[in-house]
Amino acid sequence: MQQVPALKIDGITIGQSLAIIEYLEETRPTPRLLPQDPKRRAQVRVISDVIASGIQPLQNLSVLKQVGQENQLTWAQKVMRSGFNALEQILRSTAGKYCVGDEVSMADLCLVPQVANAERFKVDLTPYPTISRINKTLLALEAFQVSHPCRQPDTPPELRA
Amino acid sequence: MQAGKPILYSYFRSSCSWRVRIALALKSIDYETVPINLIKDGGQQFSEEFQALNPMQQVPALKIDGITIGQSLAIIEYLEETRPTPRLLPQDPKRRAQVRVISDVIASGIQPLQNLSVLKQVGQENQLTWAQKVMRSGFNALEQILRSTAGKYCVGDEVSMADLCLVPQVANAERFKVDLTPYPTISRINKTLLALEAFQVSHPCRQPDTPPELRA
Chain A
1 MQQVPALKID
11 GITIGQSLAI
21 IEYLEETRPT
31 PRLLPQDPKR
41 RAQVRVISDV
51 IASGIQPLQN
61 LSVLKQVGQE
71 NQLTWAQKVM
81 RSGFNALEQI
91 LRSTAGKYCV
101 GDEVSMADLC
111 LVPQVANAER
121 FKVDLTPYPT
131 ISRINKTLLA
141 LEAFQVSHPC
151 RQPDTPPELR
161 A
Chain B
1 MQAGKPILYS
11 YFRSSCSWRV
21 RIALALKSID
31 YETVPINLIK
41 DGGQQFSEEF
51 QALNPMQQVP
61 ALKIDGITIG
71 QSLAIIEYLE
81 ETRPTPRLLP
91 QDPKRRAQVR
101 VISDVIASGI
111 QPLQNLSVLK
121 QVGQENQLTW
131 AQKVMRSGFN
141 ALEQILRSTA
151 GKYCVGDEVS
161 MADLCLVPQV
171 ANAERFKVDL
181 TPYPTISRIN
191 KTLLALEAFQ
201 VSHPCRQPDT
211 PPELRA
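Chain order of the listed sequences is A and B.
Its first residue numbered 1, the first sequence is counted upward by one per residue in full-length UniProt numbering.
Its first residue numbered 1, the second sequence is counted upward by one per residue in full-length UniProt numbering.
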């Protein structure tokens with residue numbers, strides 16, 4: 001697919017972030033990233049898919065290139081507002097401390113990076129209080145900090161934490 | 001537990017809805033269809049009533065076991081976990097990963113970029129070129145992936161969630177006149193799958209909301 005991420009693990013290489021995460025969950029099951037109950041698992045997957053299929057692909061680099069430089073900001077903002085409208089509504093019925101109840105799940109792993117994208121494209125988050133609250137709570141967790149774009153091997157010096 | 005059949009909100013030609021229809025057919029799950037016409041009345045998916053059911057304002061959505069689930073792959077994974085036979089995902093985690101990779105390539109990498117709402121934004125004069133470009137690019141990748149995973153079907157010799165994604169996407173490609181000659185593995189698998197009953201009963205040409213002129 002000529003995209004990141006790709007993970008080389010256990011003798012195979014897997015692309016597609018959610019396929020990678022589900023593989024990690026199945027082979028290294030603790031701590032869990034998906035609840036035990038099938039209905040809650042469905043909620044986690046719905047939220048993850050809304051972000052990973054419904055929002056991000058429409059504002060990724062290659063689509064933005066095709067949309068053209070003068071249209072990029074408007075396009076990206078429109079895509080994200082539309083997606084966040086839906087997400088806010090969904091989260092109001094699924095969220096506890098995190099996206100689904102009170103345990104961190106795959107949905108939370110999708111939310112934080114997407115909010116970062118929204119901030120980068122100057123999307124106003126005021127209409128999405130549930131998204132904002134959960135994002136803030138998650139960013140305080142160590143895993144979300146060590147993995148942050150500002151702390152990576154390839155983070156440019158001027159953006160480094 | 002809720003009494004009554006599951007309800008599928010579906011549009012005959014929606015490739016995402018077709019994926020779920022195939023899953024329901026393969027698992028012999030009897031259901032009712034509530035057609036949502038994506039074009040009529042400005043798009044019935046935008047009604048307040050439907051938005052309350054599925055905030056994404058998209059089909060498919062499945063009302064089952066007292067809940068409503070949107071997002072075709074989330075629906076299929078739920079069906080797999082609650083009605084596990086026949087399987088739609090292999091037992092082995094590495095093969096499961098292959099099934100999910102192929103499904104995600106289609107469901108995140110290709111279809112969203114050529115769905116109705118994106119095409120509307122791209123503008124009518126650009127739609128065909130855009131859709132073809134998206135699908136060719138995606139099929140290039142898919143063909144390469146399938147060459148290492150496919151047997152009779154997308155992953156080995158058992159029908160999986162990947163196959164449920166493939167056939168509707170090929171139908172989209174045909175509708176947008178994408179030449180499939182560069183993708184022999186995709187074509188072969190598609191042909192094999194279309195011969196199966198579940199892929200036939202769920203076909204866009206045989207749905208309650210199929211327009212008369214397109215009916216099989």
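All residues carry an ideal CB built from backbone N, CA and C; glycine is no exception.
Of the listed residues the options, nearest to residue i (C-alpha basis)
{"i": "B/A131", "options": "B/D179, B/L89, B/G156", "result": "B/D179"}
{"i": "B/V170", "options": "B/G156, B/V159, B/E143", "result": "B/E143"}
{"i": "A/K122", "options": "A/G68, A/Q2, A/S17, A/A76", "result": "A/A76"}
{"i": "B/A107", "options": "B/S72, B/A198, B/Y78, B/S187", "result": "B/S72"}
{"i": "A/L111", "options": "A/R40, A/A6, A/G54", "result": "A/G54"}
{"i": "B/L53", "options": "B/P86, B/A198, B/I69", "result": "B/I69"}
{"i": "B/L62", "options": "B/K5, B/S117, B/M135", "result": "B/K5"}
{"i": "B/N115", "options": "B/F12, B/C16, B/A216, B/R215", "result": "B/C16"}
{"i": "B/I64", "options": "B/T82, B/N37, B/F176, B/V99", "result": "B/T82"}
Test: residue i CB closer than 9 Å to a CB of chain A
{"i": "B/W130", "result": "yes"}
{"i": "B/T85", "result": "no"}
{"i": "B/D163", "result": "no"}
{"i": "B/Q2", "result": "Bear in mind that a pLDDT of 49 at B/Q2, under 50, signals an unreliable position, so the model cannot answer this."}
{"i": "B/P55", "result": "yes"}
{"i": "B/T181", "result": "no"}
{"i": "B/E77", "result": "yes"}
Distance, residue j Cα to residue i Cα
{"i": "A/V115", "j": "B/E213", "result": "45 Å"}
{"i": "A/E103", "j": "B/N190", "result": "40 Å"}
{"i": "B/P204", "j": "B/I22", "result": "11 Å"}
{"i": "A/I134", "j": "A/E119", "result": "15 Å"}
{"i": "B/Y78", "j": "A/P157", "result": "44 Å"}
{"i": "A/V100", "j": "B/E125", "result": "42 Å"}
{"i": "B/Y9", "j": "A/A86", "result": "17 Å"}
{"i": "A/D37", "j": "A/G68", "result": "44 Å"}
{"i": "B/I76", "j": "B/T181", "result": "30 Å"}
{"i": "A/Q89", "j": "A/P5", "result": "29 Å"}
{"i": "B/V101", "j": "A/A143", "result": "25 Å"}
{"i": "A/R92", "j": "A/V46", "result": "14 Å"}
Cutoff 9 Å: residue i Cβ touching any chain B Cβ
{"i": "A/Y23", "result": "yes"}
{"i": "A/A42", "result": "yes"}
{"i": "A/V50", "result": "yes"}
{"i": "A/P127", "result": "no"}
{"i": "A/I90", "result": "yes"}
{"i": "A/V46", "result": "yes"}
{"i": "A/P57", "result": "yes"}
{"i": "A/N117", "result": "no"}
{"i": "A/K122", "result": "no"}
{"i": "A/V63", "result": "yes"}
{"i": "A/T27", "result": "yes"}
Integer-rounded CB distance, given that residue j should sit under 8 Å from residue i
{"i": "B/D209", "j": "B/P35", "result": "3 Å"}
*At what residue ranges does the UniProt domain "GST C-terminal" (37-157) of chain A contain a whole run of the alpha helix (DSSP H), taking only runs of 4 or more?*
38-49, 61-67, 72-94, 106-120, 129-139, 142-146
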